[in-house]
Structure formats: structure tokens, C-alpha cells
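Peer 1: Below is the structure I would like to discuss, written out as C-alpha cells.
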């Protein structure tokens, strides 16, 4: 009998699954075999009920008395989150941020590979930087096809971010991780994830000022 | 009569308020005077009901027929989010990522100032980089007191992130923006905001693979 199950994954749930996975991997390395929902929740910033809902949603089961099988749950999350083949990523913009991104991802994950970098500076185009060849941005279309590039990381200055995003969409990239402090307008089939450093800093400052993550603030 | 109102602000609500603020500023620049909850919601990724709840929570009112006064709402959000005085920030780690952070924040906001940078490399210590003086990390305690530093941005490699965070806590910093892919253990009064580039890339890849931000995924 074939059972077809369908599941809904929201961006927040995906963040939680990522967090569970890292915790599970750590605990398995420490030779733990079974994990409780309250343990996962406490360190992933979720309630035990939310953990149980998430785990049920991805089609895994445990028992209230014995918890979850850590290895089984880790594997199930991996099946869901990991691409079947390594995702091929283009770095768009090789300034300080672009180099930090290259540094960050080089060799960190078998699932993601930055296969090409793009810039407009003649000092960078044609060079190999942190092991990745840098092309002129005008070659994006050609290279995206030849190298079957899936995603782009936008690390260019804000004023040119939109035009670079449009170029990336024309070249067939299906997702963009955007570091530029600019709202990108792209076709609906292209997924954009914004990393806004200013908002992050605003959050730290607010909660540092008011003393904790969630508290009463005098109005 | 003095009315004391109290309000609860969660990290998610803070993100939404940040988003509303940017949209309001843009619309005011385009000479719009009144804004509806459904407009704010559509572009900030919230439902109209959530926008109305957030706005009510911060003690501002509009009318269903005429919407919100854009300038008044912008000002109210600013009163809540903006520090009374510029927040004084230390950059911890002056590699590519640290320089990108300096680039990113230099002159961008009157509310945040990176007043000092710290590293261990003799090539950096003593120099002025992007307008900011670089000190040895061992001087953090002294400089934090002298320069009244509030927050730290952790941009060091993962293996040393915890020891740098501990040093920052000892030096009296009350909040940390952490870019290192490492879970930091700090006293409860110190707020940590993690920016995890790997999780961000995982999200783009997942939604790019499955076609949209929230959809059915074959299990």
C-alpha cells in the first residue's frame, strides 16, 4: 500500500528543524540515544508542544515515556531539508562581505558549494579567490547555464542590488540570499531570503536596553 | 492624570515594527499621509489584524475608514525603538566579516556607532580601519569602560567565539550580535542575537527547491 502524506513547512518551522538538527547531531556525538521534546524545545527556543507538533508534521514518532530516537529523527530531518545533490551557489559581489561569505561556506557543508563568484572590478575578474573563480557579472547568464547554478548570494552595494537580482533571475537562479539593505522585486517563483544586519542590531540594542528577551517595557 | 501603560514586545514584534518603520519612511518620502493596515501588512509579511494589534499595543490609534497617520505612527515607533542616545558598539574581530560590518554600519544610522574594533593580529592592532581604531582584544575591558561601550558584534572564528563573548560580558557589554556559527553561553542579563548564515542559506535552498515560501511538500 502506498500512503501519500503531505506536509506544510513554514519558514519558522524550517528554522526550528535546523535548530533541532544541530542539537541532535551534538547529542549523538555525546553518545545519547534518546531525546525528549522538552530538551529540544528548551535549547531551540520552542515549547515542548511545538516540538511534538513539528516532529509529528514531518512524520516521525516518539513515546512520551522514552522520547525520540535521536538518530532516526536526525535522519528524518535530513531527508526533508537536505538537497539530493549539492546546491550550486553563485556569489554575486566579492567585497569584504563576499569574501566573508566565501570564508564562511568553504568546506563547511557537503550540501552547498559556491561554484563561481561574480564582480565588475578588473582586479577580481579572472582571479581565483578563496578557491573560487571570479567572473565578470556579464558572464552570469552563460556561467549559470554551464555550471547549473541554483542559488545566488547577493553581496553587492544596495544601489546595484536590484539590477543584480534581475540579472540573476534572467539567468535562471531560483533563490537569492540577500545581504544588501534593499528590498528586491523578483518574480514570484524566485525565493528571496533577506539578512538585514540593521534589524539584527536594532533587536540586540532594544533587548539589551530593556534587559531581557521578552519583558514589560514602560510606555 | 498620569496613566501608566505597559506593553509587551517580543522579538518577532520588534522585527515587524522595524519593517513598518521602513515602509512608513518610504511612503512619507513619497508624500503619502495616511496608511492602511492591509498595506503595511502586505509588504511587511503580516496580516492586517496583526498590524492593527501591533499598532494598538504600542499605544497608537487609527480609524478603519481613514487608516493611520503615517508621520504620527512613524514617530511613535521611533520613540519605542530608538535609543535616547547613540548606542556605542565594539567590533570584535576584524577579518573580512568584521570589515563588512564596518562598511555596512559606517554612517548608516545616527543611533548606532562602532566606536572601537578589537583583534589579536599585530597587523591590525593600533591601526585605524574604516575610520575605527583597532585595539588588542586584551584592551577590551579598559576600552569598554573608558568609551562606555554598550554592545559587541562578534565576528571572530567559531572556535574562539565563546572566549571572546565571555571577555565581552566581563567588560560589561549588555548585548552581543553573534555572527560566529557557535552557540554562546552568557549570563541571562546579556542579550545575544545570532545571525546564522548557514540557516539562511538552508531556507533559500529549501524554498527554492520546493517553489514558494509556504506550500505543500511531498513527504
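Residue numbers (this note's numbering), protein chains in the order written: chain A, 61 to 279; chain B, 61 to 279. Ideal Cβ positions, reconstructed from N, Cα and C, are used throughout, including at glycine.
1) Going along the chain, which residues of its own chain have a beta-carbon closer than 7 Å to the beta-carbon of residue 174 of chain A, five neighbours each way excluded?
2) What residue from A/88, A/118, A/120 and A/80 has the CA that sits closest to residue 104 of chain A's CA?
3) Mind listing the chain A neighbours of residue 156 of chain B? Cutoff is C-beta to C-beta under 7 Å, in chain order.
4) Enumerate in chain order the residues of its own chain whose CB-to-CB distance from residue 205 of chain A is below 8 Å, with the five nearest sequence positions on each side excluded.
5) Please report how far the alpha carbon of residue 69 of chain B lies from the alpha carbon of residue 141 of chain B, in whole angstroms.
6) Find out if the Cβ-Cβ distance for the pair residue 324 of chain B, residue 154 of chain B is shorter than 7 Å.
7) To be precise: take each residue of the region 164-180 of chain B, compare its Cβ to all Cβ atoms of chain A, and keep it if any distance is under 8 Å. Which residues remain?
8) At the level of alpha carbons, what is the spacing between residue 207 of chain A and residue 145 of chain A?
9) Report yes if the CB atom of residue 94 of chain A is closer than 7 Å to the CB atom of residue 127 of chain A, and no otherwise.
10) Per DSSP, which one or two residues make a beta bridge with residue 97 of chain A?
11) So residue 253 of chain B is in the alpha helix (DSSP H); what residue range does that whole segment cover?
12) Where do the N-terminal and C-terminal ends of the beta strand (DSSP E) with residue 150 of chain B fall, by residue?
13) With the cut-off set at 7 Å, would you say residue 368 of chain B and residue 133 of chain B are in Cβ contact?
14) Strictly under 7 Å for the Cβ-Cβ distance: is residue 226 of chain A near chain B by that measure?
15) At a CB-CB cut-off below 7 Å, which residues of chain B make contact with residue 235 of chain A?
16) Are any of the Cβ atoms in chain B nearer than 7 Å to that of residue 123 of chain A?
17) Tell me whether residue 79 of chain A sits in a helix, a strand or coil according to DSSP, three-state version.
18) Provide the residue(s) that pair with residue 172 of chain B in DSSP beta bridges, ordered along the chain.
19) So, at 8 Å on beta carbons, what are the nonlocal neighbours of residue 88 of chain B in its own chain, with the 5 sequence-adjacent residues on each side left out?
20) Using 8 Å as the cut-off, can you tell me whether the region 216-223 of chain A makes contact with the region 233-251 of chain A, which would need three or more C-beta pairs spanning the two stretches below that distance?
21) Within 10 angstroms of its Cβ, does residue 255 of chain A collect 16 or more other Cβ (buried), or is it exposed?
22) So, for residue 111 of chain B: in the same chain, excluding its five sequence neighbours on each side, which residues have a beta-carbon less than 6 Å away from its beta-carbon?
23) Quick one, which of A/234, A/156, A/71 and A/172 has its alpha-carbon nearest residue 190 of chain B's?
24) Please report the distance separating the alpha-carbon of residue 187 of chain B from that of residue 181 of chain B.
25) Residue 193 of chain B by DSSP, collapsed to three states: which one?
26) For residue 253 of chain B, would you say it is in contact with chain A, using Cβ-to-Cβ distances shorter than 7 Å as the test?
27) Could you name the residues that DSSP lists as bridge partners for residue 178 of chain A?
28) Residue range of the beta strand (DSSP E) that residue 233 of chain B falls in?
29) May I ask which residues mark the beginning and end of the beta strand (DSSP E) holding residue 212 of chain A?
30) At the level of alpha carbons, what is the spacing between residue 277 of chain A and residue 267 of chain A?
31) Please indicate yes or no: does the CB of residue 111 of chain B lie closer than 6 Å to some heavy atom of the ligand NAP?
32) For residue 72 of chain B, count neighbouring Cβ atoms within 10 angstroms of its own Cβ and tell me buried if that reaches 16, exposed if not.
33) Would residue 257 of chain B pass as an interface residue toward chain A - the criterion being a Cβ-Cβ separation below 7 Å?
34) Answer yes or no: does any C-beta atom of chain A fall closer than 7 Å to that of residue 211 of chain B?
35) Taking only runs that begin and end inside the region 110-150 of chain B, name each unbroken alpha helix (DSSP H) of 4 or more residues, in chain order.
36) Could you confirm whether any beta carbon from chain A is found closer than 7 Å to the beta carbon of residue 111 of chain B?
Peer 2: According to the data block:
1) 149, 151, 162, 165 and 192
2) A/80
3) 156, 159, 160 and 163
4) 231 and 232
5) 10 Å
6) Because residue 324 of chain B is not part of the residues shown, which for chain B are 61 to 279, the question remains open.
7) 164, 165, 168, 169, 171 and 172
8) 14 Å
9) yes
10) DSSP, once it has assigned bridges, lists no residue as partnering residue 97 of chain A.
11) Looking at the DSSP string, residue 253 of chain B is not in any alpha helix (DSSP H); the run it does join, the beta strand (DSSP E), is 251-254.
12) 147-152
13) No answer is possible for residue 368 of chain B: the residues shown for chain B start at 61 and end at 279.
14) no
15) 264, 265, 267 and 268
16) no
17) helix
18) B/147
19) 130, 131 and 134
20) yes
21) buried
22) 97, 100 and 101
23) A/156
24) 11 Å
25) strand
26) yes
27) A/152 and A/195
28) No beta strand (DSSP E) contains residue 233 of chain B, which DSSP labels as neither H nor E.
29) 211-214
30) At residue 277 of chain A, the pLDDT of 39 sits below 50, so the modelled position is not reliable; the number obtained from the coordinates is stated separately. The alpha-carbon atoms of residue 277 of chain A and residue 267 of chain A are separated by roughly 10 Å.
31) No copy of the ligand NAP appears in this structure; indeed no ligand is present at all.
32) exposed
33) yes
34) yes
35) 130-141
36) no
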